[in-house]
Amino acid sequence: MSIKNNLNRIQSSLPEQVTLVAISKTKPDEDLLEAYQAGQIIFGENKVQELLGKYERLPKDIEWHFIGHLQSNKIKYIAKFVSLIHAVDSFKLLKAIDKEAEKNNRVINCLLQMHIAEEESKFGFSPEELEVLIHDESWTSLKHVKIVGLMGMATYTEDTQQIHSEFALLKSYFDRFKTGIFKSKDEFNILSMGMSGDYQIAIEEGSNMVRIGSSIFGERHYIK
Ligand SMILES: *Cc1c(COP(=O)(O)O)cnc(C)c1O
136 MSIKNNLNRI QSSLPEQVTL VAISKTKPDE DLLEAYQAGQ IIFGENKVQE
186 LLGKYERLPK DIEWHFIGHL QSNKIKYIAK FVSLIHAVDS FKLLKAIDKE
236 AEKNNRVINC LLQMHIAEEE SKFGFSPEEL EVLIHDESWT SLKHVKIVGL
286 MGMATYTEDT QQIHSEFALL KSYFDRFKTG IFKSKDEFNI LSMGMSGDYQ
336 IAIEEGSNMV RIGSSIFGER HYIK
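Take the sequence shown: its position 148, counted from the start at 1, is 283 in the numbering used here, and no numbers get skipped.
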């Protein structure tokens, strides 16, 4: 299957309100261009240097999302062009993004990452930490970042019941914030959950943004 066919098949299977982010990490420029020529505009990367290189070489109307763990000292490289940062997992990082966005005269859209998986290794706020951050309201003083929703990753497991319940948990927080503290902020509107292996479940549980890599571009090979 070609990238174009994979993309068309996935795109046509998604409900209208669901945005597809094509996760192109580790993939060469040609692969992204093939997807771009098939109509894909939003791409996601998880390494700053790789994202920067692709941004510089590829068409300028691509919308770049950063989906990985972001280090504060690297924000400056992507602040002038990144359109959404998916995985903000501390207030410190949010403040650092705000600072770099201000230098670039921009407002950068961010999602807060909630830790919903069993695995220790996955970053993100615990539900309790997220509550504290949201209700503390210090974030409202940051004028160059906009919190536009939540993001999460489910446990990598065959147990679909567990995946359902992890996504359902994230959705319940999303709904609570949306009808509560963010009630007057229409921009709080994105629930980023679902990858190649679990995006159908995520959509059933209310996702409106899926991050799909290997089902579009094929398996990743990390050997350099
Ligand atoms: C790599 C990655 C994806 C895409 O994973 P696939 O299984 O290839 O679809 C989605 N989200 C994040 C945060 C990732 O790092």
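The beta carbon of each residue, even a glycine, is placed where N, CA and C say it ideally should be. On a predicted model such as this, the values are computed, not experimentally measured, just so you know.
Practice task
Find the nearest neighbour of S319 within the set I282, T295, I351 and H299, judged by alpha-carbon distance.
Solution key: Here residue 319 refers to the residue found at position 184 of the sequence shown. When only C-alpha atoms are compared, the closest one is I282.
Exercise for the section: On a CA-only basis, which of N244, L229 and I232 is nearest S218? Give me that one, please. Expected result: On the sequence shown, residue 218 is found 83 positions in, with the first residue counted as 1. Nearest of N244, L229 and I232 to S218, Cα basis: N244.
Handout entry: Per-residue DSSP class, three states only, for F178
Key = As a first step, residue 178 is located in the sequence shown; it is residue number 43 there, counting from the start. In this structure, F178 counts as strand in the three-state DSSP scheme.
Practice task
For I202, verify whether its CB is less than 7 Å away from any heavy atom of ligand 1.
Solution key: Here residue 202 refers to the residue found at position 67 when the sequence shown is read from its first residue. I202 Cβ: within cutoff of ligand 1.
Exercise for the section: Could you tell me the boundaries of the beta strand (DSSP E) in which E293 lies? Expected result: Translated into the one-based positions of the sequence shown, residue 293 becomes position 158. Unbroken run through E293: none, as it is neither H nor E.
Practice task
Identify the continuous beta strand (DSSP E) that holds Q248 and give its terminal residues.
Solution key: On the sequence shown, residue 248 is found 113 positions in, with the first residue counted as 1. Boundaries of the beta strand (DSSP E) harbouring Q248: I243 to Q248, taken from the DSSP string.
Practice task
Measure the alpha-carbon distance for L186 versus R311 and round it to whole angstroms.
Solution key: As a first step, residue 186 must be located in the sequence shown, where it is residue number 51. As a first step, residue 311 must be located in the sequence shown, where it is residue number 176. Distance between the alpha carbons of L186 and R311: 33 Å.
Exercise for the section: Could you tell me whether any non-hydrogen atom of ligand 1 is closer than 7 Å to the CB of N181? Expected result: In the sequence shown, residue 181 corresponds to position 46, counting from 1. Checking the Cβ of N181 against ligand 1 gives yes.
Practice task
Give every residue of the same chain whose Cβ lies closer than 8 Å to the Cβ of A289, excluding the five residues on either side of it in the sequence, and list them in chain order.
Solution key: Along the sequence shown, one-based indexing puts residue 289 at 154. Shown here for A289: same chain residues with a beta carbon closer than 8 Å to its own, the five before and five after excluded, namely I251, A252, Q297, I298, E301, F302, M328, D333, I336 and A337 in chain order.
Exercise for the section: Inspect the beta-carbon positions of V345 and V153 and report whether they are closer than 8 Å. Expected result: What you label residue 345 is simply residue 210 of the sequence shown in a count that begins at 1. What you label residue 153 is simply residue 18 of the sequence shown in a count that begins at 1. Against a cut-off of 8 Å, the Cβ pair of V153 and V345 comes out as a contact.
Practice task
May I have the straight-line CA-CA distance separating K278 from Y212, to the nearest angstrom?
Solution key: Here residue 278 corresponds to residue number 143 of the sequence shown, with the count starting at 1. Here residue 212 corresponds to residue number 77 of the sequence shown, with the count starting at 1. Between the alpha carbons of K278 and Y212 lies a gap of roughly 20 Å.
Practice task
Please list, in chain order, all residues of the same chain as D166 whose beta carbon is under 7 Å from its beta carbon, the five residues on each side excluded.
Solution key: On the sequence shown, position 31 is the one that residue 166 refers to. Result list for D166: I138, S159 and F352, in chain order.
Handout entry: Terminal residues of the alpha helix (DSSP H) in which S349 lies
Key = To locate residue 349, count along the sequence shown from 1; it is residue 214. Looking at the DSSP string, the run of the alpha helix (DSSP H) that includes S349 is S349 to F352.
Exercise for the section: Return yes when at least one heavy atom of ligand 1 lies under 7 Å from the C-beta of R346, else no. Expected result: Your numbering for residue 346 matches position 211 in the sequence shown. R346: yes, Cβ under 7 Å from ligand 1.
Problem - Cβ-Cβ distance between A231 and S207 below 8 Å - result: Within the sequence shown, the letter at position 96 stands for residue 231. Within the sequence shown, the letter at position 72 stands for residue 207. In this structure, S207 lies closer than 8 Å to A231 by Cβ.
Exercise for the section: Closer than 6 Å by C-beta to K313: which residues in its own chain qualify, once you throw out the five before and the five after it? Chain order, please. Expected result: Numbered from its first residue, the sequence shown carries residue 313 at position 178. F323, listed in sequence order.
Practice task
Quick one: using the 10 Å Cβ neighbour count with 16 as the cut-off for buried, is Q175 buried or exposed?
Solution key: On the sequence shown, position 40 is the one that residue 175 refers to. Counting Cβ neighbours within 10 Å, Q175 comes out buried, since at least 16 surround it.
Exercise for the section: Report whether the distance from the Cβ of G332 to the nearest heavy atom of ligand 1 is below 7 Å. Expected result: Indexing the sequence shown from 1 puts residue 332 at position 197. Indeed, a heavy atom of ligand 1 lies less than 7 Å from the Cβ.
Handout entry: DSSP state of E254 mapped onto helix, strand, coil
Key = As a position in the sequence shown, residue 254 is number 119, starting the count at 1. Note: E254 maps to coil in three-state DSSP.
Problem - Pick from S350, M330 and F309 that is closest to D321, judged by C-alpha positions - result: Your numbering for residue 321 matches position 186 in the sequence shown. The option with the nearest alpha carbon to D321 is F309.
Practice task
State the Cα-Cα distance for the pair L265 and F178, rounded to the nearest angstrom.
Solution key: Along the sequence shown, read from residue 1 onward, the residue named residue 265 stands at position 130. Along the sequence shown, read from residue 1 onward, the residue named residue 178 stands at position 43. About 27 Å.
Practice task
Could you check how far apart the C-beta atoms of F226 and L268 are, in whole angstroms? I think they sit under 8 Å.
Solution key: The sequence position of residue 226 within the sequence shown is 91, counting from 1. The sequence position of residue 268 within the sequence shown is 133, counting from 1. Between F226 and L268 the beta-carbon gap is near 6 Å, inside 8 Å, which marks them as a contact.
Handout entry: E191, buried or exposed, once every other Cβ within 10 Å from all chains shown has been counted against 16
Key = Position 56 of the sequence shown, counted from the start, is the residue given in the question as residue 191. By the 16-neighbour rule on beta-carbons within 10 angstroms, E191 is exposed.
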